[in-house]
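Student:
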Amino acid sequence: MKQYNRIKAKHPDTVLLFRVGDFYETFGSDAVAAANVLDIVLTKRGNGSASEIELAGFPHHSLDTYLPKLVKSGLKVAVCDQLEDPKQAKGLVKRGVTELVTPGLVMHDHVLESKANHYVAAIHWTPKAVGLALLDLSTGEFQAAEGDARWVDRILKSLEPKEWLIDRRHEADVRALFGDDVPRTKLEDWVFTQAYAEEWIARQFATGSLKGLELDDAPLATIAVGAVLHYLDLTHHRETAHIQGVARLRPTDGMWLDRFTVRNLEILHPNHEDGTSLVEVLDRTCTPMGGRALRRALVAPLTDLDTLAQRHEAVDRLAEEVALRHELRTILGR
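Following our numbering, the numbering of the sequence shown begins with 27 at its first residue and continues without gaps.
1. Please go through the stretch 238-303 and give each complete alpha helix (DSSP H) segment of 4 or more residues, from N-terminal end onward.
2. Kindly list the residues whose CB is nearer than 6 Å to the CB of E299, restricted to its own chain and excluding five residues on each side of it in sequence; keep chain order.
3. Between A104 and the rest of its own chain, which residues show a CB-CB distance below 6 Å, the 5 nearest in sequence each way excluded?
4. Strictly by DSSP, which residues pair up with K70?
5. DSSP state of G234, grouped into three classes?
6. Since Q169 sits in a beta bridge, which residues does DSSP pair it with?
7. For Y145, I'd like the list of residues in its chain whose CB is within less than 7 Å of its CB, leaving aside the five on either flank, ordered along the chain.
8. Contact defined as beta carbons within less than 8 Å: I believe A115 pairs with A82. What is the distance between those atoms, to the nearest angstrom?
9. Use the C-beta contact count for V251: other C-beta atoms within 10 angstroms, 16 or more gives buried, fewer gives exposed.
10. Is it a yes or a no for the stretch 165-185 touching the stretch 236-247, going by three-plus beta-carbon pairs under 8 Å?
11. Considering Cα atoms alone, identify which of H196, G166, D243 is closest to A267.
12. Measuring CA to CA, which of L191, A319, V156 is closest to D174?
13. If we call anything under 9 Å between Cβ atoms a contact, is L308 one with L324?
14. Where do the ends of the beta strand (DSSP E) carrying W151 lie?
15. Can R194 and L213 be called in contact, C-beta distance under 9 Å?
16. Please classify L118 as buried or exposed, where buried requires at least 16 other C-beta atoms within 10 Å of its C-beta.
17. Out of curiosity, what's the CA-to-CA distance linking R176 and H150?
18. Mapping DSSP to helix, strand and coil, what is L328?
19. Going by C-alpha to C-alpha distance, which of Y257, T233, Q230, E224 sits closest to A244?
20. In three-state DSSP terms, what is L42?
21. With a floor of 3 residues, list each beta strand (DSSP E) that falls wholly inside the stretch 84-158, ordered by position along the chain.
22. For the putative contact between T128 and K102, defined by C-beta atoms under 8 Å, what is the C-beta separation to the nearest angstrom?
23. Looking at the unbroken beta strand (DSSP E) that takes in T313, where does it start and where does it end?
24. I need the boundaries of the beta strand (DSSP E) containing T356, first residue and last residue.
25. Below 9 Å between beta carbons: does that hold for F218 and A247?
26. Within the same chain, show all residues whose beta-carbon is closer than 7 Å to that of R45, passing over the 5 residues directly before and after it, in chain order.
27. So L96 and V63 are supposed to be a Cβ contact under 8 Å. How far apart are they, rounded?
28. Distance, Cα to Cα, L138 vs P327?
29. Buried or exposed: which applies to F231, given that a residue is buried once 16 or more other Cβ atoms fall within 10 Å of its Cβ?
30. Checking 9 Å against the spacing of the C-beta atoms, do L294 and R321 come in under that value?
31. Do E78 and A57 have their C-beta atoms closer together than 9 Å?
32. Output the distance between the C-alpha atoms of R274 and R289, rounded to the nearest integer angstrom.
33. In three-state DSSP terms, what is K36?
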């Protein structure tokens, strides 16, 4: 168990899936959590001895079945694989963590919903305003906002990030303002500083200026962006070339609906198990991108009259030109 304990010590806040032969095994409190979530047998290793410890596992080929269940339950998972052929190993087989999966940082198709964004959000709280950054790692969509807590709360409830990154000093403040129904990862206070954020932004986007990212007048949003980039590095997600910029969210972009409206109108989710949400009724999109755009349009309806008029003209033309509409749907559906 020395090798396991050494690796587990580096990832204390995760469920460590430890590859042993043809199985992934979990031990101790990880085994208890895995058994509860996955409904698998919980047993003990070294039963009756001083080294007795809880044990639960599953076949390695079932990873795609069980990993999504762990992540969707709000757990972070570290996948520890054998780094050499056991038959060729001299002594103990080399092992190491090959993947870290958190509720907000997922690239597995079995976890992702194709027509819904999967965001991780960094929240930088101050008494007067809040900075927010949201990243969908699977698509590279990166957005930032800065404003009062009420507006930020509307964004959070509408875009439904799967994980929040917060300054550990302000956990109580964040919980009081935004609730505690989303998995939270607490980061050190030095992560939420302007200078540190600018270092990460310069590294990711190869720029020394925040103006091109529309962050020059948004120091709190800038810090939140830096916290997300820090977390990517912390969790070993370093293939980030597809993240090419940050889109600034502003109150004038649309009418962001509050949590009660989104819930009571059943816009994204039905209130009953056998119900149907509004987005399910309306969604006839042909692509994942279209599905995500529809969800955004429903939770943040346009308020700019010129933009609304342009959209109405486009819809009117597609409604009239049936052949064009069918051709476009055929092309998009390929």
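Just so you know, even glycine gets a beta-carbon here, dropped at the ideal spot from N, CA and C.
The structure presented is a predicted model; accordingly, all values stated were derived computationally and were not measured.
Tutor: Walking through what the data contain:
1. 245-260, 285-290
2. Your numbering for residue 299 matches position 273 in the sequence shown. Same-chain partners within the cutoff: there are none.
3. What you label residue 104 is simply residue 78 of the sequence shown in a count that begins at 1. These residues qualify, in order along the chain: H37, T40, L42, V123, L126.
4. For the purposes of this step, residue 70 is taken as residue 44 along the sequence shown, with counting starting at 1. Answer is E80.
5. Position 208 of the sequence shown, counting from 1, holds the residue named residue 234. In the structure shown, G234 sits in coil (DSSP, three-state: anything other than H, G, I, E or B).
6. For the purposes of this step, residue 169 is identified with residue 143 of the sequence shown, where counting begins at 1. Looking at the DSSP assignment, Q169 forms a beta bridge with L160, A273.
7. On the sequence shown, position 119 is the one that residue 145 refers to. G130, L160, L161, D162, L185, P187, K188, listed in sequence order.
8. Position 89 of the sequence shown, counting from 1, holds the residue named residue 115. Position 56 of the sequence shown, counting from 1, holds the residue named residue 82. Not a contact, Cβ separation roughly 25 Å.
9. Working through the sequence shown from its first residue, we reach residue 251 at position 225. The residue is buried, with at least 16 neighbouring Cβ atoms inside 10 Å.
10. yes
11. The sequence position of residue 267 within the sequence shown is 241, counting from 1. Comparing Cα-Cα distances from A267 to each of H196, G166, D243, the minimum goes to G166.
12. By 1-based counting over the sequence shown, the position of residue 174 is 148. Measuring from the Cα of D174, the nearest candidate turns out to be V156.
13. By 1-based counting over the sequence shown, the position of residue 308 is 282. By 1-based counting over the sequence shown, the position of residue 324 is 298. Cβ distance < 9 Å, so L308 and L324 count as in contact.
14. The sequence position of residue 151 within the sequence shown is 125, counting from 1. Start and end: 145-151.
15. Counting from one through the sequence shown, the residue named residue 194 turns up at place 168. Counting from one through the sequence shown, the residue named residue 213 turns up at place 187. Closer than 9 Å, so yes.
16. What you label residue 118 is simply residue 92 of the sequence shown in a count that begins at 1. When all chains shown are included, L118 counts as exposed.
17. Here residue 176 refers to the residue found at position 150 of the sequence shown. Here residue 150 refers to the residue found at position 124 of the sequence shown. Taking the straight line joining both Cα atoms gives about 14 Å.
18. Locating residue 328 in the sequence shown gives position 302, where the first residue counts as 1. In this structure, L328 counts as coil in the three-state DSSP scheme.
19. One-based indexing of the sequence shown puts residue 244 at position 218. When each option's Cα is compared against that of A244, the closest is E224.
20. By one-based count along the sequence shown, residue 42 stands at place 16. Strand, per DSSP.
21. 103-108, 121-127, 145-151
22. Mapped onto the sequence shown, residue 128 falls at position 102. Mapped onto the sequence shown, residue 102 falls at position 76. The pair is a contact, with the Cβ atoms about 5 Å apart (cut-off 8 Å).
23. Translated into positions along the sequence shown, residue 313 becomes position 287. Note, T313: premise wrong, no beta strand (DSSP E); not H, not E.
24. As a first step, residue 356 is located in the sequence shown; it is residue number 330 there, counting from the start. From DSSP, T356 is part of no beta strand (DSSP E) but of the alpha helix (DSSP H) over 348-358.
25. Locating residue 218 in the sequence shown gives position 192, where the first residue counts as 1. Locating residue 247 in the sequence shown gives position 221, where the first residue counts as 1. No. Outside cutoff.
26. The residue labelled residue 45 in the question sits at position 19 within the sequence shown. So the qualifying residues of the chain are H86, C106, D107, Q108, R121.
27. In the sequence shown, the residue the question calls residue 96 occupies position 70. In the sequence shown, the residue the question calls residue 63 occupies position 37. So it is a contact: roughly 6 Å between Cβ atoms.
28. Along the sequence shown, one-based indexing puts residue 138 at 112. Along the sequence shown, one-based indexing puts residue 327 at 301. Using only the alpha carbons, I get a separation of about 25 Å.
29. Your numbering for residue 231 matches position 205 in the sequence shown. Label assigned to F231: buried.
30. Here residue 294 corresponds to residue number 268 of the sequence shown, with the count starting at 1. Here residue 321 corresponds to residue number 295 of the sequence shown, with the count starting at 1. Yes, Cβ-Cβ distance for L294 and R321 is below 9 Å.
31. Here residue 78 corresponds to residue number 52 of the sequence shown, with the count starting at 1. Here residue 57 corresponds to residue number 31 of the sequence shown, with the count starting at 1. No; because the gap between Cβ atoms is not below 9 Å, this pair is not in contact.
32. Walking along the sequence shown from the start, residue 274 turns up at place 248. Walking along the sequence shown from the start, residue 289 turns up at place 263. Cα-Cα distance, rounded: 26 Å.
33. Residue numbering aside, residue 36 sits at position 10 when the sequence shown is read from its first letter. K36 falls in the helix class under three-state DSSP.
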